[in-house]
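K.L.:
As numbered in the working numbering, residues 2 to 390 make up the sequence shown, in order.
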Amino acid sequence: VLFMDLDHFKNVNDSLGHVAGDELLNQVAQRLRRRLRAEDTIARLGGDEFLILLEDVQPPNHAAIVARDLIITLSAPFHLASGYEVYTAGSFGISLFPQDGETATDIIRNADAALYLAKSEGRNTFRFYTDELTITAKHRLRLESLLRRAIEQKELSVYYQPIVQIDSDEVIGAEALCRWITAEHGTISPAEFIPVAEETGLIVALGDFVLRTACRDAAIFHQKNPKFRTIAVNASVRQFQGIEWLELISRALETLPAGLLEIEITESTIMNKGSEAVAILQRLREIGIRVAIDDFGTGYSSLSYLQRFSVNQLKIDQSFVSEMTKNPASIQLVRTMIAMAKSLGLTTLAEGIETKEQLEILRTEGCLYYQGFLKSPGVTADRFMKEFL
Numbered sequence: 002v003l004f005m006d007l008d009h010f011k012n013v014n015d016s017l018g019h020v021a022g023d024e025l026l027n028q029v030a031q032r033l034r035r036r037l038r039a040e041d042t043i044a045r046l047g048g049d050e051f052l053i054l055l056e057d058v059q060p061p062n063h064a065a066i067v068a069r070d071l072i073i074t075l076s077a078p079f080h081l082a083s084g085y086e087v088y089t090a091g092s093f094g095i096s097l098f099p100q101d102g103e104t105a106t107d108i109i110r111n112a113d114a115a116l117y118l119a120k121s122e123g124r125n126t127f128r129f130y131t132d133e134l135t136i137t138a139k140h141r142l143r144l145e146s147l148l149r150r151a152i153e154q155k156e157l158s159v160y161y162q163p164i165v166q167i168d169s170d171e172v173i174g175a176e177a178l179c180r181w182i183t184a185e186h187g188t189i190s191p192a193e194f195i196p197v198a199e200e201t202g203l204i205v206a207l208g209d210f211v212l213r214t215a216c217r218d219a220a221i222f223h224q225k226n227p228k229f230r231t232i233a234v235n236a237s238v239r240q241f242q243g244i245e246w247l248e249l250i251s252r253a254l255e256t257l258p259a260g261l262l263e264i265e266i267t268e269s270t271i272m273n274k275g276s277e278a279v280a281i282l283q284r285l286r287e288i289g290i291r292v293a294i295d296d297f298g299t300g301y302s303s304l305s306y307l308q309r310f311s312v313n314q315l316k317i318d319q320s321f322v323s324e325m326t327k328n329p330a331s332i333q334l335v336r337t338m339i340a341m342a343k344s345l346g347l348t349t350l351a352e353g354i355e356t357k358e359q360l361e362i363l364r365t366e367g368c369l370y371y372q373g374f375l376k377s378p379g380v381t382a383d384r385f386m387k388e389f390l
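1. Looking only at its own chain, which residues have a Cβ that is under 7 Å from the Cβ of valine 205, when we skip the five neighbours before and after it?
2. Once the 5 residues before and after threonine 326 are set aside, which same chain residues still bring their CB inside 8 Å of it?
3. For threonine 390, name the three-state secondary structure that DSSP assigns.
4. So the alpha helix (DSSP H) phenylalanine 10 belongs to, where does it begin and stop?
5. For arginine 364 and isoleucine 109, which I take to be in contact (beta-carbon distance under 8 Å), what is that distance rounded to the nearest angstrom?
6. Rounded to whole angstroms, what is the Cα-Cα separation between alanine 21 and leucine 81?
7. So if DSSP puts cysteine 179 in a beta bridge, which residue, or which two residues, is it bridged to?
8. Whole angstroms are fine: how far does the CA of threonine 349 sit from the CA of arginine 32?
9. Straight-line CA distance for histidine 140 to alanine 30?
10. Which complete alpha helix (DSSP H) runs does the stretch 334-390 hold, if anything under 4 residues is left out?
11. Indicate whether valine 197 and leucine 116 have their beta-carbon atoms separated by less than 7 Å.
12. Below 6 Å CB to CB, which residues in the same chain sit around arginine 213 once its five sequence neighbours on both sides are set aside?
13. For asparagine 111, which residues from the same chain have a beta carbon less than 6 Å from its beta carbon, with the 5 sequence-adjacent residues on both sides left out?
14. For the stretch 229-236 and the stretch 256-271, state whether three or more C-beta atom pairs, one from each stretch, are separated by less than 8 Å.
15. With contact counted as at least three CB pairs below 8 Å, one residue from each stretch, are the stretch 275-286 and the stretch 325-341 in contact?
16. Quick one, which of Ser169, Glu185, Ala177 and Arg149 has its alpha-carbon nearest glutamate 199's?
17. Give the DSSP bridge partners of phenylalanine 193, in chain order.
18. What residues match up with histidine 80 in a beta bridge as DSSP calls it?
19. Here's a check: name, in chain order, each residue in its chain whose Cβ is nearer than 8 Å to the Cβ of threonine 188, leaving out the five neighbours to either side.
20. Which stretch, first to last residue, makes up the alpha helix (DSSP H) that contains leucine 247?
Structure below.
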């Protein structure tokens, strides 16, 4: 069984309309049919999901050959009646009978699990089912259940990592970081629960909690020490949804001057939102909120979008910073990012600073701010006030 999902099909529906989306699905089905044998079965399960049943396939690698051929088949552009040329791709999960399940339900479920792996590993590829995928899927469901309960019962907390001005070594702000510490499972890493929150939509409630908490605490920080002038809060693509999100921000700012709040958005988020992002970012600027591009250099890194979108700061990703003392090319990349930011009137902040050597390189290149373990990891609000204010 091959479980297929079209990559980024939602973008077609959102930009060209559902009629164009239906036409694309029709053309996709025709291409799949042409590659398959007469005895093979293909069905659309719903949305952009297709299921393909290959009978009498021996050995198993023949299923991989079919998946590879179908990926190639889908790579050519689709020409719609409206005149648009659309590119898409497919991700495939493969399960085999009887080793991967003895019922239709098991086989389809396990092919779906393999599809999830293919998508998580970059899309436009295929993966076979393994028992480990079932274990992972069960763990993910358990984690989702625990996270829902944690949000409802207010078990999450917000920690603050100092933002440091390089030339003076003064702490001038902090980034708000969500932390989840449980009595039963100990500390659960954000790298583990944030993706689950994104996929399930729980990120909206989680992000609202972090925003409200951070604004409330930042008001206290600023009152204690006026040099505290920035509280940075991350926004996910799920939160970045126009009027409702802006209303949440407005309510959070009832306790904090707008000029102290900085919203961090990844490159992929604003690129995926297109013209909608332009309007939202412009509205944030009108309110007085600053905007930073997080993990700069890992995505599109386009001069054109930096000119188009209303942003104030570039955050240089720690993957570049960590290589600076080992690879001269990384220093050149960081130097270029800083120079580009200066030419556009933007400030720069480097993430993940762990050594004095890294800090000195950034100082020499003219980076203005940094975060990292060299100064401090994220700490509680009480500890932040005691140690940095």
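For every residue, glycine included, the Cβ atom is placed at its ideal position computed from N, Cα and C.
P.N.:
The short version:
1. Arg239 and Gln240
2. Thr356, Glu358, Gln359 and Ile362
3. Reading off the sequence shown, one finds leucine at residue 390, where the question assumed threonine. Reduced to three states, the DSSP call for leucine 390 is coil.
4. 10-17
5. In fact, because the Cβ distance is near 57 Å, the residues do not count as touching under 8 Å.
6. 7 Å
7. Val159
8. 48 Å
9. 34 Å
10. 357-366 and 382-389
11. no
12. Ala253
13. Ser96, Asp101, Gly102 and Tyr130
14. yes
15. no
16. Arg149
17. A quick correction: the sequence has glutamate, not phenylalanine, at residue 193. Looking at the DSSP assignment, glutamate 193 forms no beta bridge with any residue, so it has no partner.
18. Glu86
19. Arg180, Trp181 and Ile182
20. 244-253
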